[in-house]
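One structure is given here, and the rest of the page talks about it.
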Amino acid sequence: ASGRRSNKVAASFALGLQDAVDGQVVTRFPPEPSGYLHIGHAKAALLNQYFAKMYHGKMIIRFDDTNPTKERSEFEETILEDLALLDIHGDAISHTSDYFDKLYELCIKMIETGKAYADDTVQEQMRAERMDGIASKHRDDSVEDNLKHFAEMKAGTQEGLRWCIRAKLSVDDPNKALRDPVIYRCNVLPHHRTGDKWKIYPTYDFACPVVDSLEGVTHALRTNEYRDRNPQYSWMIAALALRPVHIWDFSRLNFVYTLLSKRKLHWFVDSGLVRGWDDPRFPTVRGIRRRGMTVEALRQFMLLVGPSQAIVSLEWDSIWAINKKVIDPVAPRFWAVATDKMVRVTIKGGPEAPEVKSLPKHKKNPEVGEKQTTYTSQVLVEQEDALSFADNEEITLMDWGNAIVRSKTVDYSGIVTAIEMELHLAGDFRKTSKKIHWLPQASSAVVPVVLLDYDYLITKKKLEENDELGDFVTPVTEFREDALADANVVGLKRGDIIQFERKGYFIVDQAGGEKMEFIKIPDGKAANLASK
Ligand code: ATP
Ligand code: MG
Ligand code: MG
166 ASGRRSNKVA ASFALGLQDA VDGQVVTRFP PEPSGYLHIG HAKAALLNQY
216 FAKMYHGKMI IRFDDTNPTK ERSEFEETIL EDLALLDIHG DAISHTSDYF
266 DKLYELCIKM IETGKAYADD TVQEQMRAER MDGIASKHRD DSVEDNLKHF
316 AEMKAGTQEG LRWCIRAKLS VDDPNKALRD PVIYRCNVLP HHRTGDKWKI
366 YPTYDFACPV VDSLEGVTHA LRTNEYRDRN PQYSWMIAAL ALRPVHIWDF
416 SRLNFVYTLL SKRKLHWFVD SGLVRGWDDP RFPTVRGIRR RGMTVEALRQ
466 FMLLVGPSQA IVSLEWDSIW AINKKVIDPV APRFWAVATD KMVRVTIKGG
516 PEAPEVKSLP KHKKNPEVGE KQTTYTSQVL VEQEDALSFA DNEEITLMDW
566 GNAIVRSKTV DYSGIVTAIE MELHLAGDFR KTSKKIHWLP QASSAVVPVV
616 LLDYDYLITK KKLEENDELG DFVTPVTEFR EDALADANVV GLKRGDIIQF
666 ERKGYFIVDQ AGGEKMEFIK IPDGKAANLA SK
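For the sequence shown, the UniProt record's numbering gives the first residue as 166, with consecutive numbering after it.
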């Protein structure tokens, strides 16, 4: 079935990339080293990888490091780690800064050929002139003047700092992205790779088309909010007589009840509402992987929504439901009982001394292996199950057989404190309506664990631009529950995905330490706390 699914996915890409030649396609993912990757970046990265593989070409990871004010080397390392969490390694790693010499030369060439000019119009006025289609007073300055100002910029002088370089494209094109965009700026801060060498930095609008072309990129994947800038991209390449590049646009990915903005995510980290960038409540690659999202599910999901051009906020359920289909066939099954108010059950007819049986960890998939289940004459069950039993009701103890509830002790507050059952192994499990999990009453066969579940960080489905973030913070978003689990969980490693039967899927978050900790994996069902 999964084979059929991926064929269907591939079919939705039947058109593929324009003019793609097998073996010659080059794509690139261009993150700015200014933070951690989130699920939106994952879409861009996975699509680039998908097309590179589809055409047996290659994918470049290019750090788009043209703004020393925001960028740091440590983020290059964390981004590569984030990509590794997505199983993306890239065929080459490069930096826009590798091309600073070349970009500088090309900017000179633009000025010399009359395709760019220096401007010192202050920002607000420039914005207003652009809106109104008014030419800058410097638009027709001489090449000599322009070169002189560019040299001041390059030296990083007080004078140079006032100037920028603009492409001479159009004053009043209806597409405002074409109204003489800025291509070089002065910035005297040291760059994390080139240090003090440069005081001038190309803008994204200039560096992106030039470096795409120079690096051999054949297809540049861009989010469609840049669509207005596509003609500008092609203009830069034509103006410099460089090799053309195809643009393939796709929509930005967004989800309800979350924030895909580095600034807002920073705010949550700084205000201590989450424990870090890998917090399981975060939409970062680290956060969702830690919450139990598999790479396979991410890939399937991104291919399903990949070609869509609509910019909408998607429901988290849709991606978690895909994840569930990926993990269900392979997640080993164990049992856990909430410690609070668990009920001791005496089993009449149970074994006098503990007995151990080897059972499959997954009934439909023997490859998952075997576990040891211990049978004792006293067992533990959930309060919720105990409460539901009627007198003399026949129920099924999972992996054991039927039993009849003979007595139930209830305290003044209505809590069940003890139960007696009588085994009835001849009974038919198909005839009982309750099939419950249980744990042996034997200290060597159970271990204390913590089960964690999370709610959305914000209370509003879609925050508006001027909503005050602080007004929409969910007061409590972490829920911890103590439980006992069957000792077969000992030996699981961090990141292992399991199912506690009748509770749901969990990922091991802490394997060592005093108690193992498991994080609940949303499974896309609306009944889940996490997807309320
Ligand atoms: P910031 O988060 O600081 O606004 P950015 O989102 O532009 O910056 P980059 O590191 O420049 O982050 O992004 C790298 C690539 O990821 C770009 O190609 C960008 O288009 C893509 N990308 C970023 N956010 C999303 C998103 N929500 N959906 C799809 N692609 C995205
Ligand atoms: Mg960017
Ligand atoms: Mg962003």
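Don't be surprised by glycine CBs; every beta carbon is placed ideally from N, CA and C.
Next on the checklist: Rounded to the nearest angstrom, what separates threonine 597 and tryptophan 565 at their Cα positions?
Outcome noted: Here residue 597 refers to the residue found at position 432 when the sequence shown is read from its first residue. Here residue 565 refers to the residue found at position 400 when the sequence shown is read from its first residue. Using only the alpha carbons, I get a separation of about 13 Å.
Item to check | Distance between beta carbons of leucine 386 and alanine 209, contact taken as under 8 Å | outcome: Residue numbering aside, residue 209 sits at position 44 when the sequence shown is read from its first letter. Residue numbering aside, residue 386 sits at position 221 when the sequence shown is read from its first letter. That pair is a contact at about 7 Å.
Checklist entry - Are the stretch 343–356 and the stretch 314–328 in contact at 8 Å, needing three or more beta carbon pairs? => result They touch, by the three-pair rule.
Item to check | Residue ranges of each alpha helix (DSSP H) within the stretch 313–339, 4 or longer | outcome: 323–326
Checklist entry - What are the residues that DSSP puts in a beta bridge with phenylalanine 644? => result The count along the sequence shown starts at 1 and reaches residue 644 at position 479. Paired residues: Asp618.
Item to check | Cβ pair leucine 649, valine 638 closer than 9 Å | outcome: As a position in the sequence shown, residue 649 is number 484, starting the count at 1. As a position in the sequence shown, residue 638 is number 473, starting the count at 1. Not a contact, by the Cβ cut-off of 9 Å.
Next on the checklist: Between which residues of its own chain and lysine 341 is the CB-CB distance below 8 Å, once the five residues before and five after are set aside?
Outcome noted: The residue given as residue 341 occupies position 176 in the sequence shown. Arg295, Met296 and Asp393.
Next on the checklist: Going residue by residue through the stretch 523–553, where are the continuous alpha helix (DSSP H) segments of at least 4 residues, counting only ones entirely within it?
Outcome noted: For the alpha helix (DSSP H) assignment, the uninterrupted runs of no fewer than 4 residues enclosed by the stretch 523–553 are, from N- to C-terminal side, 548–553.
Item to check | Boundaries (first-last residue) of the beta strand (DSSP E) holding valine 570 | outcome: For the purposes of this step, residue 570 is taken as the residue at position 405 of the sequence shown. Element bounds for valine 570: 566–575.
Next on the checklist: I need the DSSP call for lysine 218, collapsed to helix, strand or coil.
Outcome noted: Position 53 of the sequence shown, counted from the start, is the residue given in the question as residue 218. In this structure, lysine 218 counts as helix in the three-state DSSP scheme.
Checklist entry - Does the stretch 186–206 touch the stretch 392–408, meaning 3 or more C-beta pairs lie closer than 8 Å? => result no
Checklist entry - Would the beta-carbon of leucine 628 fall within 9 Å of that of arginine 645? => result Within the sequence shown, residue 628 is the residue found at index 463, counting from 1. Within the sequence shown, residue 645 is the residue found at index 480, counting from 1. Result no, Cβ atoms of leucine 628 and arginine 645 do not sit closer than 9 Å.
Item to check | Where leucine 649 falls: helix, strand or coil (DSSP) | outcome: Taking the first residue of the sequence shown as position 1, residue 649 is located at position 484. Assignment of leucine 649 by DSSP, reduced to helix, strand and coil, places it in the strand class.
Item to check | Cβ separation of threonine 541 and glutamine 465, assumed to be a contact under 8 Å, to the nearest whole Å | outcome: On the sequence shown, residue 541 is found 376 positions in, with the first residue counted as 1. On the sequence shown, residue 465 is found 300 positions in, with the first residue counted as 1. Their Cβ separation, rounded to whole angstroms, is 43 Å, which puts threonine 541 and glutamine 465 out of contact at 8 Å.
Next on the checklist: According to DSSP, simplified to helix, strand and coil, what is residue 151?
Outcome noted: The structure shown has nothing for residue 151, since the chain only spans 166 to 697.
Checklist entry - So who's on the other strand from glutamine 664, going by DSSP bridges? => result Translated into positions along the sequence shown, residue 664 becomes position 499. BP columns for glutamine 664 point to Arg498 and Tyr670.
Checklist entry - For phenylalanine 240, which residues of its own chain have a beta-carbon under 8 Å away from its beta-carbon, when the five flanking residues on both sides are left out? => result Here residue 240 corresponds to residue number 75 of the sequence shown, with the count starting at 1. For phenylalanine 240, where only same-chain residues beyond five positions count, the Cβ hits under 8 Å are Pro198, Ser199, Gly200 and Tyr201.
Next on the checklist: Restricting to Cα atoms, I'd like to know which of Thr278, Ile273, Tyr369 and Ser301 is closest to glutamate 289.
Outcome noted: Locating residue 289 in the sequence shown gives position 124, where the first residue counts as 1. When only C-alpha atoms are compared, the closest one is Ser301.
Next on the checklist: In the DSSP output, which residue or residues are listed as bridge partners for serine 478?
Outcome noted: Within the sequence shown, numbered from 1, the residue matching residue 478 stands at position 313. DSSP output for serine 478 lists Asn419 as bridge partner(s).
Next on the checklist: Quick check: is any heavy atom of ligand 1 less than 8 Å from the C-beta of phenylalanine 415?
Outcome noted: What you label residue 415 is simply residue 250 of the sequence shown in a count that begins at 1. Yes, the beta carbon of phenylalanine 415 sits closer than 8 Å to at least one heavy atom of ligand 1.
Checklist entry - How far does the beta strand (DSSP E) with proline 367 in it reach, from first residue to last? => result By 1-based counting over the sequence shown, the position of residue 367 is 202. It spans 365–367 - the beta strand (DSSP E) in which proline 367 sits, taken as one unbroken run.
Next on the checklist: Could you compute how far the alpha carbon of valine 434 sits from the alpha carbon of glycine 188?
Outcome noted: Numbered from 1 along the sequence shown, position 269 holds the residue referred to as residue 434. Numbered from 1 along the sequence shown, position 23 holds the residue referred to as residue 188. Distance between the alpha carbons of valine 434 and glycine 188 is about 43 Å.
Item to check | Backbone CA spacing between alanine 486 and proline 497 [nearest angstrom] | outcome: Numbered from 1 along the sequence shown, position 321 holds the residue referred to as residue 486. Numbered from 1 along the sequence shown, position 332 holds the residue referred to as residue 497. Roughly 18 Å separates the two Cα atoms.
Checklist entry - Could you give the distance in angstroms between the alpha-carbon of alanine 462 and the alpha-carbon of threonine 504? => result Locating residue 462 in the sequence shown gives position 297, where the first residue counts as 1. Locating residue 504 in the sequence shown gives position 339, where the first residue counts as 1. Whole-angstrom Cα-Cα distance: 33 Å.
Item to check | Contact under 9 Å by Cβ, tyrosine 619 with arginine 440 | outcome: For this step, residue 619 is matched to residue 454 along the sequence shown. For this step, residue 440 is matched to residue 275 along the sequence shown. It is not a contact, given that the beta carbons lie outside the stated cut-off.
Checklist entry - Could you give the distance in angstroms between the alpha-carbon of serine 262 and the alpha-carbon of alanine 372? => result Along the sequence shown, one-based indexing puts residue 262 at 97. Along the sequence shown, one-based indexing puts residue 372 at 207. Rounded to the nearest angstrom, the two C-alpha atoms are 9 Å apart.
Checklist entry - Hey, how far is the Cα of histidine 589 from the Cα of glutamine 675? => result As a position in the sequence shown, residue 589 is number 424, starting the count at 1. As a position in the sequence shown, residue 675 is number 510, starting the count at 1. Whole-angstrom Cα-Cα distance: 39 Å.
Item to check | Residue span of the alpha helix (DSSP H) that contains serine 238, given as start and end | outcome: Here the question's residue 238 lines up with position 73 in the sequence shown. First-last of the alpha helix (DSSP H) with serine 238: 238–250.
Next on the checklist: Does the distance between the C-beta of histidine 384 and the nearest non-hydrogen atom of ligand 1 fall short of 8 Å?
Outcome noted: On the sequence shown, position 219 is the one that residue 384 refers to. Result no, Cβ not under 8 Å from ligand 1.
Item to check | Close beta carbons around arginine 368, own chain, < 6 Å, minus the five adjacent residues each side | outcome: To locate residue 368, count along the sequence shown from 1; it is residue 203. First, the amino acid is wrong: residue 368 is threonine here, not arginine. Only Val347 and Ile348 meet the Cβ criterion.
Next on the checklist: Does the distance between the C-beta of arginine 387 and the nearest non-hydrogen atom of ligand 1 fall short of 8 Å?
Outcome noted: Mapped onto the sequence shown, residue 387 falls at position 222. It does: the Cβ of arginine 387 is within 8 Å (strictly closer) of some heavy atom of ligand 1.
Checklist entry - Grouping DSSP H, G and I as helix and E and B as strand, with all else coil, what is tyrosine 349? => result Reading the sequence shown from its first residue, position 184 is the one you call residue 349. It is a strand residue.
Next on the checklist: Within a Cβ cutoff of 6 Å, which residues of the same chain sit near glutamine 214, ignoring the five residues on either side of it in sequence?
Outcome noted: As a working mapping, residue 214 is identified with position 49 in the sequence shown. Same-chain partners within the cutoff: Met224 and Ile253.
Checklist entry - Taking C-alpha atoms, which residue in Ala257, Ser238 and Gly279 lies nearest to alanine 404? => result Residue 404 sits at position 239 when you count from the first residue of the sequence shown. Taking only the C-alpha atoms, the option nearest alanine 404 is Gly279.
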